[in-house]
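Sequences listed follow chains U and G, in order.
Under the working numbering, the residues of the first sequence are numbered 5 to 185, in order.
Under the working numbering, the residues of the second sequence are numbered -3 to 624, in order.
What follows is a set of notes on a single structure, which appears directly below.
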Amino acid sequence: MPQRILVLLAHPVRRRSRANAALAEAARRVEGVRLHDLYDAYPDFLIDVEAEQALLLEHDVIVFQHPIYWYSSPAILKEWQDLVLEHGFAYGREGTALAGKSLLSAVTAGGGEASYSPGGLNRRSIEEFLRPFEATARLCHMRWLPPFILHGTHLLEPAALERHAADYAALLQDLRDMVEA
Amino acid sequence: MSEGFLAQAFVYLLAAVATVPIAKRLGLGSVLGYLLAGVAIGPFGLNLAGNAGEVMHFAEFGVVMMLFLVGLELRPARLWAMRGPVLGAGGLQVGLTAAAVGGIGLAFGYDWRMALAAGLILAMSSTAIALQILAERGLQKTGGGETTFAVLLFQDVAVIPILTVLPLLALAPATGGGAHDEGWIATLPPWGQAIAVLGAVAAVVVGGRLLTRPAFRIIAETKLREIFTASALLLVVGIALLMEAVGLSPALGAFLGGVVLAESEFRHELEGDIEPFKGLLLGLFFLSVGAGIDFAQVAAAPFTVAGLVLLLVLVKAAVLAGLGLATRRPRTEVLLTALLLSQGGEFAFVLLAFATQNGVLPVAEASLLVSVVALSMLVTPLLMMTYGRLADRLADADLPPEPDAIEPQGSVVIAGFGRFGQIIGRLLMAQGHTVTVLDHDMETIETLRSFGFRVFYGDASRLDLLQAAGAAEAALVVVATDAPETTLSIIGTVRRHFPQAEILARAADRNHAYAVIEAGAHGMVRETFGSALELGVEALRRLGLPAYEAERAGRLFRRHDLRTLHRLGALRGDDGRYRLAVREASERLSAVLERDKARGRIIHSEGWDTTSLVEEVRRNAALKQAEG
């Protein structure tokens, strides 16, 4: 059975987004992927907890797709986590609804890979900044997948962007067709 | 007398109603339908038409109205931008056609003066037919449509010098009372006539600028529709009379008046008021042309008449086609202009009568030409039936096709600009959208106009007004009127006639909201709901709820309420089911509240609830203590 993939997209100004728009478009074209634009669904930040939890139950792979803002996600994804990943649903003694599902972070960063290294401006790698998400996955009994990271979007040429978007689509396809271990 | 009038009106109306829809259904277009209906009731058909000549004279006023409406569509700046085509294409068309027709006349052995007079007269085309066909096919704003109009405009102006020149071409002394009916103006010396003509034009321009707006404003404030209609008619009739008095073409004067008023906020309302009169009168005009065709003369010399009609159409079309190709216009445009302007015009009837009076043309020749012109009018709609196919073939050959010149239009129409619509309009304008506003409150309109809004006066439930405001091109129509019934009727009209536009509507209350959804609105907001909710949130805060929680409580309340509303709206159709659904919904509401309670949550504090987490941690700690 193909894995059902839910991409939670968090970008507050999609009109101005280049990288995330391209990735989102690539994801949308992959069969079996459901793209869920959080800022579009909840312009008032009023997350519908029940609906979101139902959506999670219907999918096997959850993708957080967003630009890196201040070494983390845009605000709505944090709001989403605060509200949807409830005690008793996602974690806690009875909270096993997400057990066995996978979590993938697919993020874009303006700075180049070098800036996310010990000698660089940001000192640490994106993987390290994503630790809170990794911890979240663990607490929810989810499998943490190696993140998809697109570095240096400020300087990215259209052709390169297209290539990365194709890589992203290929990754989602692989996840979809992956056999449950 | 009045019985005779009614009987005649009955005959004409019946002929139109019986024939035109059939012609339209058969793809012949309305103009041909009217002309054929005219033939049917004419002396050579059922002979019911009475004095068709008199009717035609009256119906020519339809052409005046048509040009007034055309003028309303043309802002002065656009008219100025058209000066090239008007003088170039128009001037060349009249000059070359007159020369060609005159040359043919000479070749047939006529005196040069007669040949020239006939040439000038036959160079005129029919504004009524060409513009009516353009409008019916929606081709006014295409390149070909604009060239057609430019040529017609030049012809209208050219009538004046032609009227002046014709008496000089007289072969025999004038038979009538000398010059044509110029009234008192003919008694003035030439410089006095010039001053009178200039004065009349100035009166239309200055009067239109300065006097009509305050006058219409006062009339609009009476809120008497028929008085507004009456004053619109009065304006057009007045301009026509003034122009006639100084010997100018009434149609030209009306056109000028229209241009002057094109930037007024009453433009759309005037359009809506004059339009039906124009339509009826033009129809009547076509009927009378059909009825006036002298088939006895045609029967006497069928080949001569047919040959002349053919020759006239060919020469006129050839001149226009040659002009168009020489200036490298796209070939589909050239085809359109050539076909549309290939007939003789209504001015020809006037000029032919004038020419016989002045002894320029003998009666026999003139009446032959009247038949030729009338029949050539019949040919145009027939030719236009081939236009679509020919144009397609040409467009395929022409690469790349030139895009149609379409005036940029506002993409949002707001109907109703009171306290409600204003806020919507301000928000949209602040985001850089072009907004066309329809409202019928003079005070609002004046204030808004002084701030540069595009506001128009009128009853937004009228189809013609919506059309004039650009609803056909609008992506969105916002219905913000305060009368619930009007709102529903506007939604219905927009849904039926402008299906491309999305509709957002202001609903009065819950029941009206259902009706608005049923009428076809894509979205709606209840006018008091949002503000009441805000006040409710404020009340919660005063009662001690922290600001953010109060805000969330309000939003959650709104979400639930809207969901119920949409579900009920979809279920309303049949009464029994509706009531069932209401009960079901209220059960659902209580069920939802019940569930919230069971989870240890009331609606305003949904989210960030740590109760169960704290309990679990305490339990674990207690267990550990027990173990340890």
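Every residue, glycine too, gets a C-beta built ideally from N, C-alpha and C.
query	result
Coarse secondary structure for Val375(G), derived from DSSP in three states	helix
Below-7 Å beta-carbon distance, Gly603(G) vs any chain U residue	yes
Chain G contacts from the segment 71 to 101 of chain U (Cβ-Cβ distance under 7 Å)	Asp86, Leu87, His91, Gly92, Gly96, Arg97
Separation of Leu102(G) from Phe224(G), as counted between CA atoms	54 Å
Chain G contacts made by the segment 40 to 52 of chain U, where a contact means CB separation under 7 Å	Asp48, Leu50
Close Cβ partners of Ser227(G) (< 8 Å) along its chain, the five nearest in sequence each way excluded	Ala211, Phe212, Ile215
Spatially closest choice to Ala247(G) from Gly58(G), Val7(G), Ala467(G), by CA coordinates	Gly58(G)
Within chain U, the residues that Arg551(G) reaches when beta carbons sit closer than 7 Å	Asp48, Leu50
Thr112(U) - DSSP class collapsed to helix/strand/coil	strand
Runs of alpha helix (DSSP H) wholly within the segment 94 to 159 of chain U (minimum 4 residues, chain order)	130 to 133, 135 to 143
Length of the line joining the Cα atoms of Ile270(G) and Tyr510(G)	37 Å
Ser457(G) at chain U interface by Cβ criterion, 7 Å	no
For Leu24(G), three-class secondary structure by DSSP	coil
Three-pair Cβ contact test at 8 Å for the segment 62 to 70 of chain G versus the segment 244 to 258 of chain G	yes
Min CB distance Leu252(G) to chain U below 7 Å	no
CA nearest to the CA of Ser121(G), picked from Gln136(G), Val155(G), Leu135(G)	Val155(G)
Rounded straight-line distance, which links the Cα of Leu81(U) to that of Ala131(G)	55 Å
Closer than 7 Å to chain U by CB, Leu461(G)	no
Burial state of Ala617(G), where buried means 16 or more other Cβ atoms lie within 10 Å	exposed
Which residues DSSP lists as bridging Thr524(G), in chain order	Beta-bridge pairing links Thr524(G) to no other residue.
Backbone CA spacing between Arg180(U) and Val111(U) [nearest angstrom]	19 Å
Short CB-CB distance (under 7 Å) between Ser608(G) and chain U	yes
C-beta atoms of Ile125(G) and Val27(G) nearer than 7 Å	yes
Sheet register partners of Ile9(U) (DSSP bridge)	Val37(U), Val65(U)
Opposing strand residues paired with Ala411(G) [DSSP bridges]	Leu434(G), Val475(G)
Separation of Val305(G) from Pro377(G), as counted between CA atoms	14 Å
For Leu459(G) and His493(G), believed in contact at Cβ under 8 Å, the rounded distance	6 Å
Beta carbon proximity, Asp400(G) to chain U, threshold 7 Å	For Asp400(G), the predicted structure reports a pLDDT of 33, less than 50, and the residue's modelled location is therefore unreliable. The matter cannot be settled from this model.
Span separating the alpha-carbon of Met182(U) from that of Tyr172(U)	15 Å
Segment contact, 8 Å Cβ cut-off, at least three pairs: the segment 544 to 558 of chain G with the segment 43 to 50 of chain U	yes
Unbroken beta strand (DSSP E) run spanning Arg20(U), endpoints	It is not in any beta strand (DSSP E) - Arg20(U) carries neither H nor E in the DSSP assignment.
Contact with chain U by Glu612(G), beta-carbon distance below 7 Å	yes
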